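K.L.:
Quick note on this note's numbering: the sequence shown kicks off at 866 and runs consecutively. Attaching a single structure in structure tokens format; questions to follow.
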Amino acid sequence: MAATDFLETPQGRRLAYHKTEGAGPTIVFLGGLKSDMEGTKVVHLEAWAQARGQSFLRFDYSGHGESSGAFTKGCIGDWHQDTLAAVKALTDGPLIVVGSSMGGWQALLLAKVMPERIAGMVTIAAAPDFTEDGYWASFSDEQKAALDTVGHVELPSDYMEPYVITMRMIEDGRQNLVLRGALDLPFPVRFLQGTADTAVSTETAVRLLEHAAGPDMRLLLVKGADHRFSDEKCLRLIETAVLDVLGEA
């Protein structure tokens, strides 16, 4: 296994990453909330890219995996800064951006600031604006009061220990919403979504498809697939979607 490399960001954070050199466009994988770069989807896609001789980048946001910082200190804007730092420092030329869950939101934020670099995008259970439409919208009065007094609440997770959601994450999320204003995606986009996903609804996927503007956008709903979207069938669908936006399918 290749050793992990590290990047110092302009904000002073230390990001862990693995970069595979190869032909372009570079595939950049953006992971989900509290996920790391050792997940099933990203490791599978990296091996697939390596077999094709294609450039690939995976990294951990600050507060995730091997990168510096504490998760509870981070927020959407911090992880957007991390994404920008990694892309600018570690890649050249066109990109194929693959974003999973919160990484789908990060992919859309990246598209807003450097659309000229993106040759195609694939999202997997994209969760844009989830801090507002998911967390804040569902919080009880008691939870909102706790955010004001304690500064955080804990939410149960089906996949790991509880999520600690801070008031900073909520407030910062409001500065990074993508479903309230123009969202131009001037490149091929494939949105993948499982119908058995209990973390991101099919309604969210349809809302994103209807809200975004672009010449080549498609939503694939996979009956029975859950939020992990990582069984063999789903992994093959991710490969196919990447080939599709590359124009090779």
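Glycine is no exception: its CB is placed at the ideal position from the N, C-alpha and C atoms. Since the model is a prediction, treat every value here as computed from it, not as a measurement.
Examine the Cβ distances between the region 875-886 and the region 917-931 and report whether three or more of them are shorter than 8 Å.
P.N.:
Touching, yes, given that three or more Cβ pairs across the two stretches are closer than 8 Å.
K.L.:
Measuring only the C-alpha atoms, how far is residue 1061 from residue 952?
P.N.:
For residue 1061 and residue 952, the distance between alpha carbons rounds to 32 Å.
K.L.:
Just reading off the alpha helix (DSSP H) that residue 998 is part of, what are its end residues?
P.N.:
Careful: residue 998 lies outside any alpha helix (DSSP H) and carries neither H nor E.
K.L.:
Looking at the secondary structure, which residues open and close the alpha helix (DSSP H) in which residue 1105 lies?
P.N.:
Run containing residue 1105: 1097-1111, per the alpha helix (DSSP H) assignment.
K.L.:
From the beta carbon of residue 1079, is the nearest beta carbon of chain C less than 8 Å away?
P.N.:
No chain C is part of this structure, which consists of one protein chain only.
K.L.:
Just the Cα atoms here: how many angstroms apart are residue 1054 and residue 986?
P.N.:
Those two C-alpha atoms are separated by around 5 Å.
K.L.:
Below 7 Å, is the gap between the Cβ of residue 985 and the nearest heavy atom of the ligand ADP?
P.N.:
Because no ligand of any kind appears in the structure shown, any question about the ligand ADP cannot be addressed here.
K.L.:
Mind checking which residues open and close the beta strand (DSSP E) that includes residue 1082?
P.N.:
Where residue 1082 is concerned, the enclosing beta strand (DSSP E) stretches over 1082-1087.
K.L.:
With DSSP as the reference, label residue 946 as helix, strand or coil.
P.N.:
It is helical.
K.L.:
If we require 3 or more residues per run, which beta strand (DSSP E) segments fall completely within the region 890-937?
P.N.:
Counting only runs of 3 or more, we get 919-924.
K.L.:
Output the distance between the C-alpha atoms of residue 979 and residue 939, rounded to the nearest integer angstrom.
P.N.:
Taking the straight line from one Cα to the other gives about 23 Å.
K.L.:
Report the CB separation of residue 968 from residue 1038 in whole angstroms; it is logged as a contact under 8 Å.
P.N.:
That pair is no contact at about 15 Å.
K.L.:
Under 8 Å between the Cβ atoms of residue 1070 and residue 1084?
P.N.:
Cβ distance < 8 Å, so residue 1070 and residue 1084 count as in contact.
K.L.:
Assign residue 876 to one of two classes, buried (16 or more other C-beta atoms within 10 Å of its C-beta) or exposed (fewer than that).
P.N.:
Per the 10 Å Cβ criterion, exposed.
K.L.:
Am I right that residue 913 and residue 1104 are in contact with their C-beta atoms under 8 Å? What's the rounded C-beta distance?
P.N.:
Going by Cβ atoms, the distance from residue 913 to residue 1104 rounds to 6 Å, so yes, they are a contact pair.
K.L.:
For residue 1033, tell me which candidate among 949, 1112 and 942 has the shortest Cα-Cα distance.
P.N.:
The option with the nearest alpha carbon to residue 1033 is 942.
K.L.:
In angstroms, rounded to a whole number, what distance separates the CA positions of residue 1089 and residue 1059?
P.N.:
Cα to Cα, residue 1089 sits roughly 6 Å from residue 1059.
K.L.:
Taking the beta carbon of residue 871 as the centre, do at least 16 other beta carbons fall within 10 Å, making it buried, or is it exposed?
P.N.:
Residue 871 should be labelled exposed.
K.L.:
So for residue 979, helix, strand or coil by DSSP?
P.N.:
It is coil, neither helix nor strand.
K.L.:
Just grab the DSSP bridge partners of residue 1022 for me.
P.N.:
Answer is none; residue 1022 lacks a bridge partner.
K.L.:
What are the boundary residues of the alpha helix (DSSP H) that includes residue 1037?
P.N.:
Counting along the chain, the alpha helix (DSSP H) containing residue 1037 begins and ends at 1032-1039.
K.L.:
If we count the other Cβ atoms within 10 Å of its Cβ and call it buried at 16 or more, is residue 1110 buried or exposed?
P.N.:
Buried, since its Cβ has 16 or more Cβ neighbours within 10 Å.
K.L.:
Per DSSP, which residues does residue 871 bridge with? Please list them.
P.N.:
According to DSSP, residue 871 bridges with 881.
K.L.:
Counting C-beta neighbours from all protein chains within 10 Å, is the total for residue 1015 16 or more, i.e. buried, or is it exposed?
P.N.:
By the 10 Å Cβ count, residue 1015 comes out exposed.
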